[in-house]
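**Student:** Before I ask anything, here is the structure I am working with.
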Amino acid sequence: MDNTAVSAMFDEFADWLEIDDENPFRVRAYRRAAQVVRDLPEDVAQVAAEGRLTHLEGIGKDLAGKIVEFLQTGKVAALEELRSKYPPTLRDLLQVPDVGPKTVALLYKRLNVSSLDELEEAAQAGKLAALPRMGKKTQENILRGIQLLKQSAGRVPLEVAWHIAESIVAELKPLPSVEQIIPAGSLRRWRETIGDIDILATTTGASAEVMDRFVHLPGVTEVLAHGETKSSVIVVVDARRKYSVQVDLRVVPPGSFGAALQYFTGSKDHNITLRARALKQGLTINEYGVFEEKTGKQVAGATEEEVYAALGLPLIPPELRENRGEVEAAAEGRLPDLIDLAAMRGDLHAHTTYSDGHNTIAEMADAARARGYEYLAITDHSKPLAWGMDEKTLRKQIKEIRQLNEKYHGFRILTGCEVDILSDGRLGMDAAVLQQLDIVIASVHSNFKQSREEMTRRIIRAMETGLVDIIAHPTGRLVGQREGYDVDVPALIEAAKRCGVALEINAHPDRLDLNDLNARAAKNAGVLLTINTDAHAPSNLDLLRFGVHTARRAWVEKKDVLNTMPLDGLLKWRQQRRGL
Ligand code: DGT
Ligand code: CA
Ligand code: CA
Ligand code: ZN
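Numbering of the sequence shown is given in my numbering, commencing with residue 16 and proceeding in unit increments.
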């Protein structure tokens, strides 16, 4: 928890410094500090207590002092001073895609814009187009960005919500009176954004203890209700952005726990379909149980299994409960055997200091081994990205990986590259060196504004080179922040099938790209998928679960996913794909 708060503090510091037109080196030092603390595998407070802060990369005496000040007082005087120079709402403008600190400073100075509403007004009035380095197109993009923000307003990203829910469950579970406790709602279905968090519990005896503890948890800023069976609070967290979210805790009788879990897991549409099925069988279903309509006799309620069984159904995994054919499939015995985290044998997309990653190849490999993987593909960026490798650097990396591999048993670092797809669909790296690699990923990192036709042709051309094994984050969207480039996804799926290319479900919770619906379409078309973290630091490898649950929402099974294969199967697939 401290690491997130300290890292958010440095990010905010960097934002204000940049808005304030500070020296770029200083800004970069703060951003780097934010990153270092965010990815720190241990508790920053512990590091501080042991006087080891300055041993961390990029943390000098000055930054270490700020961390200590923050840990001790919850504030940093220098940051407070910076904040006081501007309206607090000014920093909200940074949430708009395409609006960086320089633009914020410009908007503030020239137009006196200091909040999202004022920015929207100014854009609608056409005032932005007249500013230097702007223009009509940027103005339109900013307006679209504000609309996107409003759509996702009040919803928090999946990762942030899980972080909150897991820490609440960890606080309440040890209480003597608590028996069962589990998050339900959209969180249990792993939707990509979460409206509010719904937690269910059963207790032995009275619920007063757990309710009392709940409303006094750290992070609770407001208590909306404090009752015997239900309490609601607002929790505020400061990840990179500040989020506040409502959390409901319900305590239900043990005999109704399964029914309540089923009801509050939803989705609402799934529940409506279930209720209609129950009625046809002379039953009613609600959050207390399943009952015979005529007699009112309860026939199920304690567990979810028995609730579904009472309706003649096997348990439907929560990720499928979106009313997308799952009730019918369950009734006909055609539910998929969903993939799970344990089936994953490796990660095929990771970065190191050879491009924009923060760690060495060996550090990333050790982290992968520690997670029990059989392989990790190192796929650093290529030119023409400023932080990308050229052929010579990639050859050097291949050599280094071969040397490292000599000391491993039962684990292999795969050579690879995340090669840039140029605007015309050619690749940013020579074929000769790409052919030497174990895994070639290709993806789009520039010129997002191409037309749908151009973008679709661009990516399909990359597949048609025959050099590419995987297309990473195929649509380029960022959850709640950026719509992604305009591209014909069904055409990409068709081309992937034809060219034998795998499509990625990028597991980073900001991306989840392909999303559930697109991934399901790809699976149905017989396209192989791969679930990868795109890790830029060892701790990022843990984000894989977000990709796996997105795959489950897409009805994906183990056999649909490339990196559930053992190493030899994976290499054989690649040989066949390349016609070798
Ligand atoms: P969210 O919070 O917007 O991300 O999405 P949910 O699915 O968590 O929705 P929420 O918190 O409003 O309600 C939790 C669950 O309670 C929902 O998934 C299904 C159930 N539920 C809520 N309202 C109704 C309703 O009117 N009818 C039925 N059948 N179920 C409901
Ligand atoms: Ca909810
Ligand atoms: Ca709710
Ligand atoms: Zn990447």
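C-beta atoms are modelled at their ideal positions from N, C-alpha and C, and glycine is treated no differently.
(1) Count the other C-beta atoms from every protein chain shown that fall within 10 angstroms of the C-beta of Q294, then say buried if there are 16 or more, exposed otherwise.
(2) Unbroken alpha helix (DSSP H) runs of length 4 or more, entirely within the region 490-547: which are they?
(3) Rounded to the nearest angstrom, what separates H460 and G210 at their Cα positions?
(4) With a threshold of 7 Å, establish whether the CB of H364 neighbours any heavy atom of ligand 5.
(5) For the 8 Å Cβ check, are there 3 or more pairs between the region 18-36 and the region 237-256?
(6) Based on DSSP bridge pairs, tell me the residues matched to E572.
(7) Select from K76, P103, A64 and L109 the residue whose C-alpha is nearest the C-alpha of Q87.
(8) How big is the Cα-Cα spacing for V342 and P329?
(9) Would you call S438 buried or exposed, if buried means 16 or more other Cβ atoms sit within 10 Å of its Cβ?
(10) Within the same chain, show all residues whose beta-carbon is closer than 7 Å to that of D352, passing over the 5 residues directly before and after it, in chain order.
(11) Leaving aside the five residues before and after I413 along the sequence, list all residues of the same chain whose C-beta is less than 6 Å from its C-beta, in chain order.
(12) How many angstroms separate the CA atom of G340 from the CA atom of L298?
(13) With DSSP collapsed to three states, give me the class of R560.
(14) Using three-state DSSP, classify V225 as helix, strand or coil.
(15) Go to T288, then tell me how far its alpha helix (DSSP H) extends in each direction, as first and last residue.
(16) Report the partner residues of Y390 according to the DSSP bridge assignment.
(17) Within 8 Å (strictly less), CB to CB, does K464 reach chain D?
(18) Evaluate Q277 with the Cβ neighbour count: other Cβ atoms within 10 Å of its Cβ, from every protein chain shown; 16 or more gives buried, anything less gives exposed.
(19) So, at 6 Å on beta carbons, what are the nonlocal neighbours of Y101 in its own chain, with the 5 sequence-adjacent residues on each side left out?
(20) Does the separation of the CB atoms of A382 and L556 fall below 8 Å?
(21) Answer yes or no: the CB of D549 versus the heavy atoms of ligand 4, is any distance below 7 Å?
(22) Going by DSSP, what residue range makes up the beta strand (DSSP E) through V128?
(23) Are V260 and A176 closer than 8 Å when you measure CB to CB?
(24) Indicate whether D395 and N547 have their beta-carbon atoms separated by less than 8 Å.
(25) Could you give the first and the last residue of the continuous alpha helix (DSSP H) run that contains A315?
(26) Would you report the Cα separation of S130 and G327, rounded to the nearest angstrom?
(27) Let me check understanding here. Comparing Cα to Cα, which of L78, E469, S282 and D575 lies closest to K512?
(28) Between A346 and ligand 4, is there a pair consisting of the residue's CB and a ligand heavy atom that are separated by less than 7 Å?
(29) For ligand 2, any of its heavy atoms closer than 7 Å to the Cβ of G200?
(30) For S201, tell me which candidate among A180, Q195 and L493 has the shortest Cα-Cα distance.
(31) For the candidate residues D284, S282 and E302, whose alpha-carbon lies nearest to that of A274?
(32) Got a sec? Which residues, its chain only, sit under 8 Å from E194 by beta carbon, not counting five neighbours each side?
(33) Confirm the yes/no value for this check: CB of A487, any heavy atom of ligand 4, distance under 7 Å.
(34) Please confirm if the region 419-433 is in contact with the region 465-476, defined as three or more CB-CB distances below 8 Å between the two stretches.
(35) Is the CB-CB distance between L173 and R206 below 8 Å?
(36) Extract the residue ranges of the beta strand (DSSP E) inside the region 236-260, only unbroken runs of 3 or more that lie entirely within it.
**Tutor:** Answer, in terms of the structure:
(1) It is Leu, not Gln, that sits at residue 294 in the sequence shown. Taking all protein chains shown into account, L294 has fewer than 16 neighbouring C-beta atoms within 10 Å of its C-beta and is therefore exposed.
(2) Entirely contained in the region 490-547, the alpha helix (DSSP H) runs reaching 4 residues are, in chain order, 504-514 and 531-539.
(3) Spanning the alpha carbons of H460 and G210 requires a straight line of approximately 31 Å.
(4) Looking for ligand 5 in the displayed structure turns up nothing; the ligands present are ligand 1, ligand 2, ligand 3 and ligand 4.
(5) Under the three-pair Cβ rule at 8 Å, the region 18-36 counts as touching the region 237-256.
(6) According to DSSP, E572 bridges with L353.
(7) Cα-wise, what sits closest to Q87 is A64.
(8) Approximately 10 Å, taken between the alpha carbons.
(9) A residue is called buried when at least 16 other Cβ atoms come within 10 angstroms of its Cβ; S438 does not meet this threshold and is exposed.
(10) Leaving aside the five residues that flank D352 on each side, the residues in its chain whose CB is nearer than 7 Å to its CB run, in chain order, E572.
(11) Around I413: T430.
(12) Rounded to whole angstroms, the separation of the alpha carbons of L298 and G340 is 21 Å.
(13) The answer is helix: DSSP assigns R560 an H, G or I state.
(14) V225 sits in a helix when the DSSP states are folded into three classes.
(15) Where T288 is concerned, the enclosing alpha helix (DSSP H) stretches over K283 to K295.
(16) In the DSSP output, where bridge partners are listed per residue, Y390 has G361 and R427.
(17) Absent from the structure is chain D; it holds one protein chain and no more.
(18) That one is buried.
(19) Nothing listed; no residue qualifies.
(20) The answer is yes: Cβ separation under 8 Å.
(21) The answer is yes for D549.
(22) Counting along the chain, V128 falls outside any beta strand (DSSP E), and DSSP gives it neither H nor E.
(23) In contact: V260 and A176 (Cβ atoms closer than 8 Å).
(24) With respect to N547, D395 sits apart: the two C-beta atoms are not nearer than 8 Å.
(25) From DSSP, A315 is part of no alpha helix (DSSP H) but of the beta strand (DSSP E) over Q313 to A315.
(26) In this structure, the alpha-carbon of S130 lies about 54 Å from that of G327.
(27) K512 has its Cα closest to that of D575, out of L78, E469, S282 and D575.
(28) Taking non-hydrogen atoms of ligand 4 into account, the C-beta of A346 is found less than 7 Å away from none of them.
(29) With a cut-off of 7 Å, the C-beta of G200 is classified as near ligand 2, since at least one heavy atom of the ligand falls inside that distance.
(30) Residue A180 is the option with its Cα nearest to S201.
(31) Nearest Cα to A274 within the set D284, S282 and E302: E302.
(32) Excluding sequence positions up to five before and after E194, its CB lies within less than 8 Å of the CB of A216, T217, T218, T219 and P269, all in the same chain and listed in chain order.
(33) Yes, the Cβ of A487 comes within 7 Å of a heavy atom of ligand 4.
(34) In short, these stretches do not touch, since the Cβ pair count stays below three.
(35) Cβ atoms of L173 and R206: closer than 8 Å.
(36) Those beta strand (DSSP E) runs which fall completely within the region 236-260 and span 3+ residues are 245-253.
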